[in-house]
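The structure appears right after this line, and notes come after that.
Protein chains in written order, with the numbering used here: chain A, 558 to 911; chain B, 447 to 756.
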């Protein structure tokens, strides 16, 4: 019996050894915060992963990984199981990613939307979603009848606050009377809660619904209530064909392919990437013709100007809620200020949750 | 912002709609627990109900089949739990947890083909009355049939447990399976039936989400509501009417806190987000202080494995 057990153990160890050897191939791992079927944020990251796979590189992914202790365990497991490059695709993975990176100097890490690069094998990347928000704000300011824009926010982090500010500034420019009502739901993904938030905003008089959460529930509520809405992360048009004016699309595929190939060929270097409309990391879904061809043309022009650098989402003068100047007249906000943005601009109601 | 009477009516209507899945799942689980079985698989059974309902709606294009099918699949998956805990005498807690994990994974797998398909309009009753009567209209009319069923269910459950012979048998089995068995009651059969009933109600609760509340299929769309339903049963001290009250408070404060945010009240948002949980617990603890009644309602053998000695 004992011998049998020993023999079994040896064969298991042998197989384990084999599988470790088999891991010598170059492999890329992805960690997702939601399910790949969310049709929003994670869905787009997975589209990027598929592009890497299509480029002939092996990939694996783990979906619905909560931000926090679980994330560290998953990232560590990916690193241990022979992945050479690991993309961690949510803000809350920032500290776990850096922690694991310290223990695996030979594995490359890419963290989305964060700012910490504590070790030389950690890069960060993000998209200038706020450029898309500027376009949304322009449309919202023109389309609203009640002058009330409803905004479903997830967590009070710079990326979300930047979006609220960019949208509000653009909307104020075309319609000085607009009010932005914000509801924080403290989740990236909970269809039920997101639709309750959308309904509450509509009941409070908002006739434009915007979301910084990942499910398609809010646009469907907007469709039913007959108000305008905007899709988030991927083209959500078919969920609310009448209501959606456009969607902000995150296109990670080119970046993922480029970085994966670089890591495979040994040319990968630490960097901080922040691409926008210009590079195509942020794209806009087709504009809804219901807003009239004049407005469509206007928005298309603004989109071109933002891409070429002729226009900037944060052009001064910009004031905070108390009236202190944030960006002087004629100047634009620099990337450092944008990356750490933690105050509302003038015209946004309420306080940022601390 | 308007705070006229009709607006409050609309608000109450929204609160009622949001508490339906909690009422259904908690009422089902309550019967299961009263028979002495602790099924922690509520979340898993709900999500299976949600995907089966939605999938059947897409495939058959018939909402009636979808609703019945969701209840049936909830029943089937609870049958697995029944087989394990009642026939193979496994631990209730571990099996229930496994059922939830299984349900979430299984639903995601089945659901792969149903992601991104828009749902179908579910018929709402008395829509003209909702529009024409101010205040009371939006409260009482313009809801789906499942909502009316859900609001009747706690009263029916209460009557069933207190006034009928079958209800008495279920309670007897939950309090002392050995004595019940000695009286000639088939404890295993009673518990099986209660488990299956609980499964069917959880399935229906899931279908309410995927067919009516947020008509679409998205992975993990129950979002922890199964766990809240479970907690409600305990905090309501196994009383159906208190389950109803608890579900309404939870749904109510969830919606109200969103409105408070939208209005721009200067209350810390984190506190507002925690409010539904805190308030539901406080209220239920306060209204169930009577320790004599708690003793009366608590199924003494909850979660214990029973087998008949031969």
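Every residue, glycine too, gets a C-beta built ideally from N, C-alpha and C.
Pick from the options that is closest to residue i, judged by C-alpha positions
i	options	result
residue 659 of chain B	A/748, A/766, A/784, A/767	A/748
residue 810 of chain A	A/683, A/753, A/823, A/876	A/683
residue 482 of chain B	B/644, B/725, B/712, B/551	B/644
residue 588 of chain A	A/612, A/610, A/642	A/642
residue 806 of chain A	A/751, A/895, A/693, A/707	A/693
residue 757 of chain B	B/593, B/688, B/555, B/600	Outside the shown range of chain B (447 to 756) lies residue 757 of chain B, about which nothing can therefore be said.
residue 573 of chain B	B/580, B/579, B/564, B/588	B/588
residue 624 of chain A	A/618, A/639, A/617, A/591	A/591
residue 640 of chain A	A/821, A/902, A/854, A/858	A/821
residue 678 of chain B	B/619, B/739, B/725, B/665	B/725
residue 603 of chain A	A/645, A/583, A/626	A/645
residue 607 of chain B	B/715, B/526, B/480	B/480
residue 908 of chain A	B/692, B/633, B/530, B/715	B/715
residue 712 of chain A	A/836, A/746, A/856	A/746
residue 663 of chain B	B/499, B/460, B/486	B/499
residue 740 of chain B	B/505, B/688, B/461, B/754	B/688
residue 830 of chain A	A/633, A/911, A/892, A/704	A/892
residue 620 of chain A	B/554, B/676, B/486	B/554
Contact check, residue i vs residue j, beta carbons under 8 Å
i	j	result
residue 524 of chain B	residue 641 of chain B	yes
residue 740 of chain A	residue 723 of chain A	no
residue 696 of chain A	residue 852 of chain A	yes
residue 696 of chain B	residue 465 of chain B	yes
residue 605 of chain A	residue 813 of chain A	yes
residue 751 of chain A	residue 774 of chain A	yes
residue 495 of chain B	residue 519 of chain B	yes
residue 672 of chain B	residue 538 of chain B	no
residue 873 of chain A	residue 887 of chain A	yes
residue 497 of chain B	residue 556 of chain B	yes
residue 701 of chain B	residue 585 of chain B	no
residue 613 of chain A	residue 648 of chain A	no
residue 471 of chain B	residue 647 of chain B	yes
residue 754 of chain A	residue 780 of chain A	no
residue 657 of chain A	residue 675 of chain A	no
residue 623 of chain B	residue 752 of chain B	yes
residue 698 of chain B	residue 681 of chain B	no
residue 827 of chain A	residue 585 of chain A	no
Cut-off 8 Å between Cβ atoms - residues of its own chain near residue i, not counting five sequence neighbours on either side
i	result
residue 568 of chain B	509, 590, 657, 658, 661
residue 735 of chain B	none
residue 615 of chain B	626, 631, 636
residue 906 of chain A	736, 737, 738, 739
residue 838 of chain A	684, 685, 807, 808, 809, 811, 812, 832
residue 784 of chain A	759, 763, 764, 765, 766, 800
residue 847 of chain A	799, 802
residue 574 of chain A	The pLDDT assigned to residue 574 of chain A is 47, lower than 50, so where the model puts this residue is not dependable; a value taken from the coordinates is nonetheless given after this. The answer is none, since no qualifying residue turns up.
Proximal residues to residue i (C-beta, below 7 Å), its chain only, five neighbours per side dropped
i	result
residue 577 of chain B	583
residue 791 of chain A	596, 597, 600, 601, 804, 806
residue 690 of chain B	469, 600
residue 742 of chain B	none
residue 484 of chain B	538, 539, 542, 748, 749
residue 552 of chain B	494
residue 845 of chain A	801, 802, 803
residue 579 of chain A	Unreliable placement is indicated for residue 579 of chain A, whose pLDDT of 43 sits below 50; no coordinate value is reported for it.
residue 608 of chain A	810, 813, 814
residue 661 of chain A	636
residue 473 of chain B	599, 600, 603, 647, 686, 689
6 Å Cβ shell around residue i - same chain, five flanking residues per side excluded
i	result
residue 698 of chain A	728, 731, 732, 735
residue 628 of chain B	none
residue 694 of chain B	465
residue 654 of chain B	466, 467, 592
residue 883 of chain A	875, 877
query: Fully enclosed by the segment 582–669 of chain A, which beta strand (DSSP E) runs are 3 residues long or longer?
result: If we require 3 residues or more, the beta strand (DSSP E) runs fully inside the segment 582–669 of chain A come out as 584–588, 615–619, 642–645, 665–669.
The segment 453–465 of chain B / the segment 712–730 of chain B touching (three or more Cβ pairs under 8 Å): Touching, no, given that fewer than three Cβ pairs across the two stretches are closer than 8 Å.
message: Please give me, in chain order, every unbroken run of the alpha helix (DSSP H) with length at least 4 that falls completely inside the segment 614–676 of chain B.
response: DSSP runs (the alpha helix (DSSP H)) wholly in the segment 614–676 of chain B: 623–628, 633–653.
- prompt: For the segment 747–762 of chain A, which residues have a CB atom closer than 7 Å to at least one CB atom of chain C, in sequence order?
  reply: Looking for chain C here will not work: the only protein chains present are A and B.
query: Between the segment 527–545 of chain B and the segment 865–881 of chain A, do at least 3 Cβ pairs fall closer than 8 Å?
result: In the pairwise beta carbon analysis, the segment 527–545 of chain B is classified as not touching the segment 865–881 of chain A: fewer than three pairs are separated by under 8 Å.
- prompt: Can you list the alpha helix (DSSP H) stretches of 4 or more residues lying completely in the segment 756–823 of chain A, in chain order?
  reply: The alpha helix (DSSP H) runs of length 4 or more contained entirely in the segment 756–823 of chain A are, from start to end of the chain, 774–782, 810–822.
query: Whole alpha helix (DSSP H) runs in the segment 686–758 of chain A with 4 or more residues, listed along the chain?
result: Within the segment 686–758 of chain A, the complete alpha helix (DSSP H) runs of at least 4 residues are 686–700, 715–731.
message: Three or more C-beta pairs under 8 Å: does that hold for the segment 892–903 of chain A against the segment 712–726 of chain A?
response: Segments in contact, yes.
query: In chain order, which alpha helix (DSSP H) runs of at least 4 residues are fully inside the segment 466–534 of chain B?
result: List check, alpha helix (DSSP H) in window: 488–506, 509–528.
message: Which complete alpha helix (DSSP H) runs does the segment 566–597 of chain B hold, if anything under 4 residues is left out?
response: Runs found: 573–578, 582–586.
field: Complete runs of the alpha helix (DSSP H) confined to the segment 821–906 of chain A [at least 4 residues]
entry: Counting only runs of 4 or more residues that sit fully inside the segment 821–906 of chain A, the alpha helix (DSSP H) segments are 850–865, 892–896, in chain order.
field: alpha helix (DSSP H) runs contained entirely in the segment 696–728 of chain B, provided each spans 4 or more residues
entry: Within the segment 696–728 of chain B, no complete alpha helix (DSSP H) run reaches 4 residues.
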